[in-house]
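In the numbering used here, the protein residues as written are 0 to 73. What follows is one structure encoded as structure tokens, with my remarks underneath.
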């Protein structure tokens, strides 16, 4: 189970740019106001602080994420 970087709870998304694992509660809102038909409403908080916009439609969902497994042999 992947954990959120801030609260340690269950993560929902993994950012492709910086690798941050976050839940929806700790993501940055794209805009405030009513729903206007945008596909994604959230951004990565660490990339947002670096003035880079990474939307949740470009992120990996944790349910679909499969970590790499390494098999060591002789």
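For every residue, glycine included, the Cβ atom is placed at its ideal position computed from N, Cα and C.
*For residue 16, which option in 47, 72, 62 and 69 has the closest C-alpha, if you only look at C-alpha atoms?*
47
_On the CB-based measure, 16 or more other CB atoms within 10 Å of its CB, does residue 52 come out buried or exposed?_
exposed
*Leaving out the 5 sequence neighbours to the left and right, which residues in its chain are closer than 7 Å to residue 20 when beta-carbon positions are compared?*
1, 2, 3, 4, 10 and 13
_Going by the DSSP bridge assignment, what does residue 9 pair with across the sheet?_
2
*Got a sec? Which residues, its chain only, sit under 6 Å from residue 56 by beta carbon, not counting five neighbours each side?*
38 and 39
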